[in-house]
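Residue numbers (mature numbering (1 follows the signal peptide of the UniProt record, and there is no 0)): -25 to -1, 1 to 197.
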């Protein structure tokens, strides 16, 4: 499941986008007032940056973290996701512990997404038509990953409306399995077993791990 999610993240972030109404130019301001446009634009911008920085990436894979931080993370509600991951243990932590956990979780997401980008080859991403979201607080942006020789993978990006009426993504659901719920189960169990401080240290350690290209055998099995 971990390999599957990693591969799906890579395809969603930098897949060549197929859009019936056409994508806006990568240098246009991201429309955070429309969750559907936001997801499409961020995907396109990340893909364009991935291509333009190809030489930098080949020289140093850690540059993928720079791309993720600059092109993706401004549109991810990682604080909300971090609180969800902490679950019932959130109320047991101090303000300082919560702040440090959020920071560590953000770094962990950056490293996770950067590592996932090493698995990208040349897939396409098709977005379903948008729906009316005027009265919605949470929206699911439906996507299909199209890859020759494989059945389509159905994806949902979940985005939430903030108090200022802008939107940010907070979860990715692949074939009915939530990445957020998966991480909540994994990390909340670790908090229960080892405590919040140990988990913060673990997340920070994972953030510092080197970005490496996946072995061909592992990538093929993904």
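Quick reminder that beta carbons are idealized off the backbone N, C-alpha and C, glycines included.
Rounding to the nearest angstrom, what Cα-Cα distance links residue i and residue j in this structure?
{"i": "residue 166", "j": "residue 65", "result": "10 angstroms"}
{"i": "residue 117", "j": "residue 27", "result": "27 angstroms"}
{"i": "residue 31", "j": "residue 148", "result": "31 angstroms"}
{"i": "residue 134", "j": "residue 153", "result": "13 angstroms"}
{"i": "residue 42", "j": "residue 22", "result": "10 angstroms"}
{"i": "residue 78", "j": "residue 128", "result": "31 angstroms"}
{"i": "residue 183", "j": "residue 29", "result": "22 angstroms"}
{"i": "residue 187", "j": "residue 144", "result": "26 angstroms"}
{"i": "residue 87", "j": "residue 175", "result": "16 angstroms"}
{"i": "residue 52", "j": "residue 158", "result": "15 angstroms"}
{"i": "residue 151", "j": "residue 10", "result": "20 angstroms"}
Which first and last residues belong to the beta strand (DSSP E) in which residue i is found?
{"i": "residue 114", "result": "113 to 121"}
{"i": "residue 26", "result": "Unbroken run through residue 26 is the alpha helix (DSSP H), 10 to 27; no beta strand (DSSP E)."}
{"i": "residue 131", "result": "128 to 136"}
{"i": "residue 146", "result": "142 to 149"}
{"i": "residue 102", "result": "99 to 102"}
Beta-carbon separation of residue i and residue j under 8 angstroms?
{"i": "residue 171", "j": "residue 72", "result": "yes"}
{"i": "residue 46", "j": "residue 20", "result": "yes"}
{"i": "residue 17", "j": "residue 50", "result": "yes"}
{"i": "residue 60", "j": "residue 162", "result": "yes"}
{"i": "residue 141", "j": "residue 8", "result": "yes"}
If I follow the unbroken alpha helix (DSSP H) through residue i, where does it start and stop?
{"i": "residue 154", "result": "154 to 169"}
{"i": "residue 222", "result": "This structure cannot speak to residue 222, because the chain is shown only from -25 to 197."}
{"i": "residue 60", "result": "53 to 61"}
Quick one: grab the DSSP three-state call for residue i.
{"i": "residue 36", "result": "coil"}
{"i": "residue 5", "result": "coil"}
{"i": "residue 109", "result": "coil"}
{"i": "residue 203", "result": "For residue 203 there is no data in the structure shown, the boundaries of the chain being -25 and 197."}
{"i": "residue 50", "result": "helix"}
Are the segment 32 to 47 and the segment 114 to 131 in contact at 8 angstroms, needing three or more beta carbon pairs?
no
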